[in-house]
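A.B. asks:
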Amino acid sequence: MDIKGFLSLPHRFRWGGVGGDDCKTFPATWMQYAIGIDPAAGLRGTYSTRAGAHAILDTAGGSLAFMSGKLAPHGCRRVDAPQDGDIGLVRMLAGETYGEVRLTEVGAVRFGPLWASIAPRGVVACRAEAVAIWRLPS
């Protein structure tokens with residue numbers, strides 16, 4: 001499945017990646033569709049709240065360390081220039097409610113000039129600053 005097909009699927013926001021995705025499991029779900037590997041398989045269902053997600057990220061040493069630790073063992077490599085289908089840690093406006101929206105780091109998938117991520121209102125695609133970019137293995 002290509003990135004356009006993946007993004008056209010119905011997506012739901014769910015903390016913990018069961019019955020939907022949060023901003024860190026969304027790119028893992030893309031990777032599972034694209035190459036058959038789910039780097040978040042061991043985490044799905046182990047948390048169900050924002051606090052639970054943040055505890056996992058804190059234990060890993062932050063979002064960058066967390067994503068590197070999940071992607072690198074599966075052959076994803078860091079790149080500087082994004083292409084369609086790349087996974088990124090990006091800075092974009094996000095929040096569970098409109099009152100909580102702030103600039104934060106989220107996991108996303110590259111689609112044209114945009115980064116697509118999941119939010120409570122569904123998939124959001126926008127321009128965003130990339131903190132780190134990983135290319136899926138061939």
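Mapping to UniProt numbering: the sequence shown position 37 is 37, numbers consecutive.
Glycine is no exception: its CB is placed at the ideal position from the N, C-alpha and C atoms.
This structure is a prediction, so every number in the text was calculated from the model and none was measured.
1. So, are the CB atoms of arginine 78 and alanine 132 less than 8 Å apart?
2. What span of residues does the alpha helix (DSSP H) with tryptophan 30 cover, start to end?
3. Given a cut-off of 8 Å, decide if valine 106 and alanine 125 are closer than it, judged by their beta-carbon atoms.
4. Looking at the structure shown, is arginine 50 part of a helix, part of a strand, or coil, going by DSSP?
5. Quick one: what's leucine 114 bridged to in DSSP?
6. Confirm, please, whether the CB-CB distance from arginine 102 to leucine 114 is below 8 Å.
C.D. replies: The structure says:
1. Cβ atoms of arginine 78 and alanine 132: closer than 8 Å.
2. Start and end: 25 to 35.
3. No.
4. helix
5. Phe111
6. no
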